[in-house]
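Here is the structure we will look at.
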Amino acid sequence: MDFNTRIKYYLENILEENPDIFLIDVDIRSNDSIKIVIDGDNGIKVQDCIKISRAIKTKIDEEDKNFSIEVTSPGIGENLKISRQYKNNVGRDLELKLDDGTFIDGKLKKANDKKIELEISGINSKSKGEKYPRVEKESYYYKDIKQARLKVKFKN
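Here the sequence shown is numbered in the numbering used here, starting from 338 and rising by one per residue.
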C-alpha cells in the first residue's frame, strides 16, 4: 500500500470512532505536508481537529515519516464536495455553477446520494406590467454541478 492510500486508510479507521465527523478531502503535498479537511453533522470544533491530527500523527510517526499535518474544517465560501455536506445544509441558500456554465441561486430543499432539489424564486411579469412572485423546484445531479457554495448572509 502506498503512502497516500495508507493515510486515507488511517483516516477511515480514525473516523469510524467518530461517526458524526466525516472526511471531505486529503491533500498530500510534495513538500512533506498533509492537509486534511473534515466536517461534522454538528459542525467541527477545534478539539475535533486536534484529536484527528494527533491520531494521524501517531500513525505517521510509527512509519518514521516526517510530515507536517494540518486538519481543518471547510471555510466560509468553500465548495460543497460530498453529498453529506448537502444533506447537512438543507434549508440554506446555495449558489450553483453547472458544468455548462449556468449559475443558479436557490434554497436547498432536498439532498440525497445522487442529486439535490433547489427552490428557485423569481419575478414574472404579466402582460399588463403586473409582477408576481414565481417559485420553482428544480433537481440537479451532483455529476452536473461544477461548484456549489453556501450563500453567506450577514445580519445588520
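From the three backbone atoms N, C-alpha and C, an ideal C-beta is built for every residue, glycine too.
query: Contact set for Ala392: own chain, Cβ-Cβ below 7 Å, skip 5 residues either direction; result: Ile351
query: Span of the beta strand (DSSP E) around Thr409; result: 405-409
query: Val363, enclosing beta strand (DSSP E) - first and last residue; result: 358-366
query: Bridge partners - Lys388, DSSP secondary structure assignment; result: Its beta-bridge partners do not exist; DSSP assigns none.
query: Exposure label - Gly443; buried when at least 16 CB within 10 Å; result: buried
query: Alpha-carbon to alpha-carbon, Glu354 and Asn425; result: 20 Å
query: DSSP beta-bridge partners of Ser458; result: Val472
query: Residue closest to Arg421, alpha-carbon to alpha-carbon, out of Val363, Ser410, Asp376; result: Asp376
query: Nearest to Asn341 (by Cα), restricted to the options Asn379, Ile381, Phe404, Val383; result: Phe404
query: Enclosing beta strand (DSSP E) for Ile351 [first to last residue]; result: Unbroken run through Ile351 is the alpha helix (DSSP H), 340-353; no beta strand (DSSP E).
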